[in-house]
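The structure appears right after this line, and notes come after that.
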Amino acid sequence: TVGAVALDGSGVFAAATSTGGIRGKMPCRVGDSPVPGAGYYAGTEGAASATGIGEMIMVELVSFRAVELLRNAEAHRAAEEAVGALERDFGWGNVGLILMSRSGPAIGLSAKLMPVAAASDSGSASALAGEMKVEDV
Amino acid sequence: MRPFVLLHGGAGSWSGKVDVERVLSKVEECARMGRYALGGGALAAVEESVACMESSGLFNAGVGAVTNSAGMVELDAGIMDGARRGAGAVACVRNVPNPIRLARRVMEETPHVLLVCEGAEDLARARGLWSPQSSWKWSASSGHSGD
Chain G
1131 TVGAVALDGS
1141 GVFAAATSTG
1151 GIRGKMPCRV
1161 GDSPVPGAGY
1171 YAGTEGAASA
1181 TGIGEMIMVE
1191 LVSFRAVELL
1201 RNAEAHRAAE
1211 EAVGALERDF
1221 GWGNVGLILM
1231 SRSGPAIGLS
1241 AKLMPVAAAS
1251 DSGSASALAG
1261 EMKVEDV
Chain U
3 MRPFVLLHGG
13 AGSWSGKVDV
23 ERVLSKVEEC
33 ARMGRYALGG
43 GALAAVEESV
53 ACMESSGLFN
63 AGVGAVTNSA
73 GMVELDAGIM
83 DGARRGAGAV
93 ACVRNVPNPI
103 RLARRVMEET
113 PHVLLVCEGA
123 EDLARARGLW
133 SPQSSWKWSA
143 SSGHSGD
């Protein structure tokens, strides 16, 4: 799966997610990626894109949850809580989430790894999630 | 907060031998492409960023996607504009190498949010986004296996 979130100069957020799904899936199976609020979501407070096993992300509406949490929480806390909810509710964690807010970007991760990259007018950077501080880009 | 683009290339585990440096280099290249597209708005930025990764063959998306139990690639994608809460998506499309571009067409050119299977591929044909899977320069199973 791949995904992107962005904030433009007008203060507008957008999100996008694209995937081939799970290897060996049943034909016509649909995961979270095309479901608004699950695999992606954008509102006036922020934008999110999720990755992991789609069935659980769909049930938890992880991207919507992360953006809604921005109303009362900083981006890092919102991302971590949205991802942590899966572990709490299902005893399962193998999820990644990128989140953009007006106060800055954040990453939530319960999976082993997730390649991420960021770009602004100051430059660009990439890393395996956990190694990069996106706010420093 | 200044204009900003943030990308991910999928969480989970990689199958087989993966050139991590190459993956990171491509994600960053796609982020720069998205940053350049930000002049056209946030929606353009996420579309271009994701299309760049779909076309790379390095990720489980677009021409690098894993196969289903029938040996076919079936792709899902969605895009959303936060200003007007507009969303567009496609699912189970087989012959669309850049489904994110088709998802944006669904959002902007139809009254619907999600199109699947033949209906989505018909729209792709009409918009010049359809390409038979057999003609893809395809490298299945190169990336993560998971949504």
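From first to last, the protein sequence lines are chains G and U. FYI, this note's numbering numbers position 114 of the first sequence as 1244, with every residue one higher than the one before it. FYI, this note's numbering numbers position 5 of the second sequence as 7, with every residue one higher than the one before it. Beta carbons are placed, not taken as given, at the ideal position from N, Cα and C, and that holds for glycine.
Query, Result
"Would you kindly report the start and end of the unbroken alpha helix (DSSP H) that includes F1220(G)?", "1205–1220"
"So if DSSP puts T1149(G) in a beta bridge, which residue, or which two residues, is it bridged to?", "D78(U)"
"Whose CA, out of E1175(G), G1151(G), L1216(G), A1248(G), lies closest to the CA of E1190(G)?", "L1216(G)"
"Out of curiosity, what's the CA-to-CA distance linking I81(U) and D1138(G)?", "15 Å"
"Below 8 Å on the Cβ atoms is my contact criterion, and I expect C32(U) with A1247(G) to pass it. Report the Cβ-Cβ distance as a whole number of Å.", "7 Å"
"Report the residue from H10(U), E111(U), G90(U), A128(U) whose alpha carbon sits nearest the alpha carbon of T1132(G).", "Sequence inspection shows Val at residue 1132(G); the Thr mentioned does not correspond to that position. Ranking the options by Cα distance to V1132(G), first place goes to H10(U)."
"By DSSP's criteria, Y1171(G) is part of a beta bridge. Which residues make up the other side?", "A1178(G)"
"To the nearest angstrom, how far is it from the Cα of A1209(G) to the Cα of P1166(G)?", "17 Å"
"Indicate the three-state DSSP secondary structure (helix, strand or coil) for S143(U) in the structure shown.", "Low per-residue confidence applies at S143(U): pLDDT is 48, beneath 50, and the placement is therefore not dependable enough to give any value."
"For the beta strand (DSSP E) containing P1245(G), list its first residue and its last residue.", "1245–1250"
"Please report the straight-line C-alpha distance between S143(U) and V68(U), rounded to a whole angstrom.", "In this prediction, S143(U) scores a pLDDT of 48, lower than 50, which makes its location untrustworthy; no coordinate-derived value is stated."
"G1214(G) to N1202(G), Cα distance in whole Å?", "17 Å"
"How many Å lie between A1180(G) and Y1170(G) at the Cα?", "6 Å"
"Can you pull the chain U neighbours of A1208(G), defined as C-beta to C-beta under 7 Å?", "Those within 7 Å of A1208(G) in chain U number zero; the least Cβ separation is about 14 Å."
"Could you check the C-alpha separation between S58(U) and V65(U) for me, to the nearest Å?", "7 Å"
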